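Count the sequence shown with our numbering and you get residues 139 to 389, in order.
Just so you know, even glycine gets a beta-carbon here, dropped at the ideal spot from N, CA and C.
Only a predicted model underlies this, so the values are computations on that prediction, with no experimental measurement involved.
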Amino acid sequence: MKTIDILDIAIHAINMDDAAKHIFHWIESNQQHYVCVRDIHGIVLSQTNDILKQIHAHSGLTVPDGMPLVRIGRWLGHGNMDRVYGPDLMHHLCKMSVKKGYTHCLYGGKSQYQAQTIQQKLKQQYKGIQITGAFCPPYDSFKSFDDHRFMRHIRDKQPNIIWIGVSTPKQEYIMMHLHRQSESNVLIGVGAAFDILSGVRNDAPQWIKTLCLQWLFRLLQEPSRLGPRYLKTIPTFFGLLIQDMIKRQKD
Numbered sequence: 139m140k141t142i143d144i145l146d147i148a149i150h151a152i153n154m155d156d157a158a159k160h161i162f163h164w165i166e167s168n169q170q171h172y173v174c175v176r177d178i179h180g181i182v183l184s185q186t187n188d189i190l191k192q193i194h195a196h197s198g199l200t201v202p203d204g205m206p207l208v209r210i211g212r213w214l215g216h217g218n219m220d221r222v223y224g225p226d227l228m229h230h231l232c233k234m235s236v237k238k239g240y241t242h243c244l245y246g247g248k249s250q251y252q253a254q255t256i257q258q259k260l261k262q263q264y265k266g267i268q269i270t271g272a273f274c275p276p277y278d279s280f281k282s283f284d285d286h287r288f289m290r291h292i293r294d295k296q297p298n299i300i301w302i303g304v305s306t307p308k309q310e311y312i313m314m315h316l317h318r319q320s321e322s323n324v325l326i327g328v329g330a331a332f333d334i335l336s337g338v339r340n341d342a343p344q345w346i347k348t349l350c351l352q353w354l355f356r357l358l359q360e361p362s363r364l365g366p367r368y369l370k371t372i373p374t375f376f377g378l379l380i381q382d383m384i385k386r387q388k389d
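In structure tokens:
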């Protein structure tokens, strides 16, 4: 499977349909992998976080969540590369898994009520979907993951797909620990998808996504949280990218 190297993070040159095929193949062949759904924020964090960088290095898939990564991939010659946006991936796999009988578990959100709300909405939207449970993680230490209630559940139910909806790098730490401790086939970190699916946050209209202005839509919704992040992340990412391109040309 082809990848593009962006600041030492291997992003798979993939689209939604191909990502789904790989994930379902893992389930059918009883393999265990995790999926990093990656944007430029996570790539920038990885530059100063060796644990996060190693988590990406050992993922089954690291898919492009943001259009900047897709445009870089297409510029490098991967014309079929397309965005694998976390909420869309969740909807896509939930819909396709109904006929296959695959099971899901939800782990994330800001409260138990939010996690259960997502479970109810998915069951209403995808009739027959099998969701073994919905849990909100304890927000104390993610590097030393220890949630006995949740671990008992996944050992008993062994869901095929565990959806993890917290922020980066917390969700990647959780995936690292679950990959070592559970026998579930697929772990997928989808970040803000839990907020969007539960109605806590609005998703951008498709025309805004097409124009690559989703970052602005999100900024207008959460200026105090995202303003400082964007002011740091966007210039840092493109600055590091330019430095890397100059270095490669010299080499």
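For residue 188 and residue 140, what's the separation of their Cα atoms in angstroms?
For the purposes of this step, residue 188 is taken as the residue at position 50 of the sequence shown. For the purposes of this step, residue 140 is taken as the residue at position 2 of the sequence shown. Whole-angstrom Cα-Cα distance: 23 Å.
Which ranges does the beta strand (DSSP E) cover as unbroken runs of at least 3 residues, wholly within the stretch 258-293, from first to last along the chain?
Listed in chain order, they are 268-273.
Compare the Cα-Cα distances from residue 322 to each of 251, 160, 168 and report the closest residue.
Within the sequence shown, the letter at position 184 stands for residue 322. It is 168 whose Cα lies nearest to the Cα of residue 322.
On a Cα-Cα basis, can you pick out the residue from 370, 152, 181, 205 that is closest to residue 144?
Mapped onto the sequence shown, residue 144 falls at position 6. Cα-wise, what sits closest to residue 144 is 181.
Please report the distance separating the alpha-carbon of residue 254 from that of residue 156.
Counting from 1 along the sequence shown, the entry for residue 254 is found at position 116. Counting from 1 along the sequence shown, the entry for residue 156 is found at position 18. Distance between the alpha carbons of residue 254 and residue 156: 30 Å.
Return the chain-ordered list of same chain residues with a C-beta closer than 7 Å to the C-beta of residue 350, the five sequence neighbours on each side being excluded.
Position 212 of the sequence shown, counted from the start, is the residue given in the question as residue 350. Excluding positions up to five away in sequence, the list reads 205.
Check whether the Cβ atoms of residue 165 and residue 243 lie closer than 7 Å to each other.
Position 27 of the sequence shown, counting from 1, holds the residue named residue 165. Position 105 of the sequence shown, counting from 1, holds the residue named residue 243. Cβ atoms of residue 165 and residue 243: not closer than 7 Å.
If we count the other Cβ atoms within 10 Å of its Cβ and call it buried at 16 or more, is residue 196 buried or exposed?
By 1-based counting over the sequence shown, the position of residue 196 is 58. Exposed: under 16 other Cβ atoms inside 10 Å.
Whether or not the stretch 294-309 and the stretch 236-252 are in contact is what I'm after, with contact meaning three or more pairs of Cβ atoms, one per stretch, closer than 8 Å; do they touch?
Contact between the stretch 236-252 and the stretch 294-309 is present, because at least three Cβ pairs lie under 8 Å.
Whose C-alpha, out of 370, 207, 292, is nearest the C-alpha of residue 148?
Taking the first residue of the sequence shown as position 1, residue 148 is located at position 10. Ranking 370, 207, 292 by Cα distance to residue 148 puts 207 first.
Which parts of the stretch 191-244 are runs of the alpha helix (DSSP H), unbroken and 4 residues or longer, counting only runs that do not cross its ends?
List check, alpha helix (DSSP H) in window: 205-213, 224-238.
How about residue 291 and residue 271: do their beta carbons lie closer than 7 Å?
Translated into positions along the sequence shown, residue 291 becomes position 153. Translated into positions along the sequence shown, residue 271 becomes position 133. Going by C-beta atoms, residue 291 is nearer than 7 Å to residue 271.
Just curious, the alpha helix (DSSP H) that residue 331 is in, first and last residue?
On the sequence shown, residue 331 is found 193 positions in, with the first residue counted as 1. Run containing residue 331: 331-336, per the alpha helix (DSSP H) assignment.
Does the stretch 211-221 come close enough to the stretch 169-178 to have 3 or more Cβ pairs within less than 8 Å?
Taking 8 Å as the limit for Cβ pairs, the verdict is that the stretch 169-178 does not touch the stretch 211-221.
Relative to the C-alpha of residue 369, which candidate in 354, 214, 231, 176 has its C-alpha closest?
On the sequence shown, position 231 is the one that residue 369 refers to. Considering only alpha carbons, the answer is 354.
The beta strand (DSSP E) that contains residue 180, what's its start and end?
By one-based count along the sequence shown, residue 180 stands at place 42. Not the beta strand (DSSP E): residue 180 falls in the alpha helix (DSSP H), residues 178-184.
Please state the DSSP three-state secondary structure of residue 377.
Here residue 377 refers to the residue found at position 239 when the sequence shown is read from its first residue. Helix, per DSSP.
Are residue 146 and residue 177 closer than 7 Å when you measure CB to CB?
Position 8 of the sequence shown, counted from the first residue, corresponds to residue 146. Position 39 of the sequence shown, counted from the first residue, corresponds to residue 177. No, these two residues do not count as a Cβ contact at 7 Å.
Comparing C-alpha positions only, which one of 183, 190, 210, 191 sits nearest to residue 152?
Translated into positions along the sequence shown, residue 152 becomes position 14. Checking every option, the nearest Cα to that of residue 152 belongs to 210.
Taking residue 262 as the reference, give the member of 310, 336, 375, 298 with the closest Cα.
Locating residue 262 in the sequence shown gives position 124, counting from the first residue. Comparing Cα positions, the closest option is 336.
May I ask which residues mark the beginning and end of the beta strand (DSSP E) holding residue 143?
By one-based count along the sequence shown, residue 143 stands at place 5. From DSSP, the beta strand (DSSP E) with residue 143 extends over 141-144.
Measuring only the C-alpha atoms, how far is residue 359 from residue 338?
The residue given as residue 359 occupies position 221 in the sequence shown. The residue given as residue 338 occupies position 200 in the sequence shown. Rounded to the nearest angstrom, the two C-alpha atoms are 11 Å apart.
I need the boundaries of the alpha helix (DSSP H) containing residue 358, first residue and last residue.
Numbered from 1 along the sequence shown, position 220 holds the residue referred to as residue 358. Element bounds for residue 358: 352-359.
Could you tell me if residue 328 is buried or exposed, where buried requires 16 or more neighbouring beta carbons within 10 angstroms of its beta carbon?
Here residue 328 refers to the residue found at position 190 when the sequence shown is read from its first residue. The residue in question, residue 328, is buried, as its Cβ has 16 or more Cβ neighbours within 10 Å.
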